[in-house]
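*Asks:* The structure's right below; bear with me while I get my questions together.
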Amino acid sequence: MNSSDCNSDNQSDSSFLMGESGTSKKRKLSMTGNLLSNVQLKVLEFENQALKQLVQEFENENQFNGLKAKITELEEIVAKLQKENSEMQKKNEVEKNQLKIQNDSLNSIISDLTSKIKIVENEKKELELKIIKNIKCEIKDSVGSEKTILEGTIDKLNLEIVDLKNKLADKEKAIHNSAVPENNESDIVVEKICNKLQQFLTSSNSKNDCFKNPKKMNISKSGTSTISKSTKLQKEEAQKLTAEEQIIADNYLNGNFQKGARVYAIWGKDYYSAICGGYDGLSRFKVFYTDDQSVRIIPRDSIIPICMIKEGSHVTVLGETVDDGEREIYDGKILAIPSIKNTEEWHRGLYKIEIENDDNVESRNIEWFDICFTESQYKQIVKGFKKKKDVFQENFVESGHRTRRFNAAVGTAAASSSSTKSG
Numbered sequence: 001m002n003s004s005d006c007n008s009d010n011q012s013d014s015s016f017l018m019g020e021s022g023t024s025k026k027r028k029l030s031m032t033g034n035l036l037s038n039v040q041l042k043v044l045e046f047e048n049q050a051l052k053q054l055v056q057e058f059e060n061e062n063q064f065n066g067l068k069a070k071i072t073e074l075e076e077i078v079a080k081l082q083k084e085n086s087e088m089q090k091k092n093e094v095e096k097n098q099l100k101i102q103n104d105s106l107n108s109i110i111s112d113l114t115s116k117i118k119i120v121e122n123e124k125k126e127l128e129l130k131i132i133k134n135i136k137c138e139i140k141d142s143v144g145s146e147k148t149i150l151e152g153t154i155d156k157l158n159l160e161i162v163d164l165k166n167k168l169a170d171k172e173k174a175i176h177n178s179a180v181p182e183n184n185e186s187d188i189v190v191e192k193i194c195n196k197l198q199q200f201l202t203s204s205n206s207k208n209d210c211f212k213n214p215k216k217m218n219i220s221k222s223g224t225s226t227i228s229k230s231t232k233l234q235k236e237e238a239q240k241l242t243a244e245e246q247i248i249a250d251n252y253l254n255g256n257f258q259k260g261a262r263v264y265a266i267w268g269k270d271y272y273s274a275i276c277g278g279y280d281g282l283s284r285f286k287v288f289y290t291d292d293q294s295v296r297i298i299p300r301d302s303i304i305p306i307c308m309i310k311e312g313s314h315v316t317v318l319g320e321t322v323d324d325g326e327r328e329i330y331d332g333k334i335l336a337i338p339s340i341k342n343t344e345e346w347h348r349g350l351y352k353i354e355i356e357n358d359d360n361v362e363s364r365n366i367e368w369f370d371i372c373f374t375e376s377q378y379k380q381i382v383k384g385f386k387k388k389k390d391v392f393q394e395n396f397v398e399s400g401h402r403t404r405r406f407n408a409a410v411g412t413a414a415a416s417s418s419s420t421k422s423g
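For the record, in the sequence shown the residue sitting at position 217 is 217 according to full-length UniProt numbering, with numbers rising by one throughout.
Here it is as structure tokens:
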């Protein structure tokens with residue numbers, strides 16, 4: 001509705017009112033007022049609706065602008081991310097090329113190392129073959145020299161046997177021609193000697209086999225190694241002694257070893273635990289190695305008596321058993337030796353030794369048969385001793401203050417040893 005229309009209506013109403021009476025005028029005025037109020041109300045409602053529509057349009061426009069701003073912001077973010085992604089792809093491509101170059105370089109290095117390893121392995125095999133060949137030559141030379149000595153001894157004994165038999169034959173002839181009977185006791189003794197010598201000669205070939213399987217000790221740079229033992233066993237066994245008998249036997253009297261004495265005998269260039277089996281009359285002793293009871297005839301100078309081991313002596317110690325069944329070997333130093341005052345302690349032969357295990361140093365209690373010596377350790381032990389007969393007294397000062405029965409037993413053992421030699 002327009003305002004001009006409203007004005008024309010109002011003018012017609014007012015002219016109409018002027019021609020009417022007073023009462024009707026009042027009624028008409030009242031009706032006119034109501035009509036005006038309704039018209040104004042409708043106008044206000046219309047204007048209100050229009051305002052609401054304008055407000056709605058305004059709000060929609062603001063939301064659109066906000067969304068547009070957000071879209072613009074998102075587009076900027078997407079562009080930034082695309083740029084970063086492009087830069088990252090370029091960087092990854094560069095790194096990929098670098099890794100490829102490094103990989104090619106590593107493959108080349110690995111190939112070179114593989115070829116070098118093959119060369120080293122071939123050289124190692126050649127070296128092992130040379131070492132084995134040299135060892136075989138050394139063993140052959142050693143066996144040959146010892147065999148030559150033994151053959152010379154056998155020839156000498158054969159000549160002595162022939163001489164004794166000739167003397168025996170001459171004596172029998174003289175007795176046969178003589179009318180006076182003579183005592184034949186000396187003839188029996190001579191015959192026994194000949195028989196013993198003959199038995200020695202027949203058994204010498206079997207004893208000579210003992211030189212064919214030398215033990216080996218390969219000391220590594222770390223101080224540890226493994227020891228390969230002889231697998232050949234002998235029927236003969238070492239003598240077993242009681243605690244008091246062992247003390248007597250271990251007494252190294254006048255450079256002679258008694259039967260059952262605990263010693264360290266040479267095998268190859270090293271010295272291993274053994275039991276003395278007696279004197280052969282040619283400055284040599286039979287020994288039984290404790291690890292496998294193998295038997296050898298060893299010169300006196302190649303045997304270490306157990307009483308030579310003193311505090312401060314450097315030794316080699318047999319350690320734990322490794323996967324291949326062999327035992328590791330460590331360098332050690334004697335801290336304490338068993339006391340002669342305690343018979344059982346001496347018989348057990350337990351030594352306190354400082355062990356060098358890689359970078360660690362520890363103290364262990366080691367039994368005498370788990371001790372061995374290298375050539376250099378042997379030289380250090382025998383060096384500085386005044387006389388071999390004084391060794392036992394140096395280690396066992398208290399041995400001269402034991403009981404009468406013990407001292408008598410020592411004298412008896414020495415006497416029996418002398419009588420055995422003379423027999």
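From the three backbone atoms N, C-alpha and C, an ideal C-beta is built for every residue, glycine too.
Only a predicted model underlies this, so the values are computations on that prediction, with no experimental measurement involved.
Output the distance between the C-alpha atoms of Y351 and K341, rounded to the nearest integer angstrom.
*Replies:* When rounded, the distance between both Cα atoms is 15 Å.
*Asks:* For V120, list the residues DSSP reports as bridge partners.
*Replies:* According to DSSP, V120 bridges with nothing at all.
*Asks:* Taking 8 Å as the threshold, find out whether the segment 272 to 285 comes into contact with the segment 295 to 307 through three or more Cβ pairs.
*Replies:* Yes: at least three Cβ pairs fall under 8 Å.
*Asks:* Between the alpha carbons of N251 and V315, how many angstroms are there, rounded?
*Replies:* Each residue's alpha carbon lies about 21 Å from the other.
*Asks:* Given 8 Å as the limit, is there contact between the segment 323 to 340 and the segment 351 to 362, that is, 3 or more CB pairs closer than that?
*Replies:* As far as the Cβ criterion goes, the segment 323 to 340 touches the segment 351 to 362, which means the pair count is three or higher.
*Asks:* With which residues is L318 paired in a DSSP beta bridge?
*Replies:* In the DSSP output, where bridge partners are listed per residue, L318 has I329.
*Asks:* Just mark V295 as buried or exposed, buried being the case when its beta carbon has 16 or more other beta carbons within 10 Å.
*Replies:* By the neighbour-count rule (16 or more Cβ atoms within 10 Å), V295 is buried.
*Asks:* Quick one: what's E354 bridged to in DSSP?
*Replies:* Partner(s): K333, S363.
*Asks:* Please classify D323 as buried or exposed, where buried requires at least 16 neighbouring CB atoms within 10 angstroms.
*Replies:* With fewer than 16 Cβ atoms within 10 Å of its Cβ, D323 is classed as exposed.
*Asks:* In whole angstroms, give me the CA-to-CA distance for Q293 and K310.
*Replies:* Near 26 Å, if we compare the C-alpha coordinates of K310 and Q293.
*Asks:* Since Y272 is in the beta strand (DSSP E), which residue starts that stretch and which ends it?
*Replies:* Looking at the DSSP string, the run of the beta strand (DSSP E) that includes Y272 is 270 to 279.
*Asks:* Please name the residue in E362, C276, E326 whose C-alpha comes closest to that of I266.
*Replies:* Nearest option by C-alpha distance: C276.
*Asks:* Considering A265, what are the terminal residues of the beta strand (DSSP E) in which it resides?
*Replies:* 262 to 267 is the extent of the beta strand (DSSP E) around A265.
*Asks:* Which of the three DSSP states is assigned to K341 in this structure?
*Replies:* Of the three classes helix, strand and coil, the one that applies to K341 here is coil, per DSSP.
*Asks:* Which whole-angstrom value describes the C-beta separation of A249 and E344, a residue pair presumed to lie in contact below a C-beta threshold of 8 Å?
*Replies:* Incorrect: roughly 16 Å between the Cβ atoms, too far for contact.
*Asks:* Just to confirm the assignment, what range does the beta strand (DSSP E) spanning residue 424 have?
*Replies:* This structure cannot speak to residue 424, because the chain is shown only from 1 to 423.
*Asks:* Determine the direct distance from the alpha carbon of D291 to that of G325, and round the result to whole angstroms.
*Replies:* Taking the straight line joining both Cα atoms gives about 13 Å.
*Asks:* By a C-beta neighbour count over all protein chains shown, 10 Å radius and 16 as the cutoff for buried, is D163 buried or exposed?
*Replies:* Label assigned to D163: exposed.
*Asks:* When DSSP builds the beta bridges, which residues end up paired with V295?
*Replies:* Looking at the DSSP assignment, V295 forms a beta bridge with F288.
*Asks:* Quick check on this structure: which residue in Y378, L241, L129 has the alpha carbon closest to the alpha carbon of R348?
*Replies:* The candidate whose alpha carbon is nearest that of R348 is L241.
*Asks:* Applying the criterion that 16 or more other CB atoms from any shown protein chain within 10 Å of the CB defines a buried residue, is L54 buried or exposed?
*Replies:* Counting Cβ neighbours within 10 Å, L54 comes out exposed, since fewer than 16 surround it.
*Asks:* Where do the ends of the beta strand (DSSP E) carrying I306 lie?
*Replies:* Taken as a continuous stretch (DSSP letters only), I306 belongs to no beta strand (DSSP E), as it is neither H nor E.
*Asks:* From this set, F46, I110, L51, Y272, which residue's C-alpha is nearest Y378's C-alpha?
*Replies:* Checked all of F46, I110, L51, Y272; the closest Cα to Y378 is Y272.
*Asks:* Looking only at C-alpha atoms, which of I306, E237, N256, I297 sits nearest to D263?
*Replies:* Just to set this straight, residue 263 is Val in the shown sequence, not Asp. Among I306, E237, N256, I297, the Cα nearest to that of V263 is on I306.
*Asks:* DSSP has F373 in a bridge; who is on the other side?
*Replies:* Answer is Y271, bridged to F373.
*Asks:* May I have the straight-line CA-CA distance separating A274 from E245, to the nearest angstrom?
*Replies:* Distance between the alpha carbons of A274 and E245: 17 Å.
*Asks:* Which value, in whole angstroms, describes the spacing of the CA atoms of E73 and M88?
*Replies:* The straight-line gap from Cα to Cα measures roughly 22 Å.
*Asks:* Helix, strand or coil: which one does DSSP assign to E138?
*Replies:* Helix at E138.
*Asks:* Enumerate in chain order the residues of its own chain whose CB-to-CB distance from residue 434 is below 6 Å, with the five nearest sequence positions on each side excluded.
*Replies:* Limits of the chain in this structure are 1 at one end and 423 at the other, which puts residue 434 out of reach.
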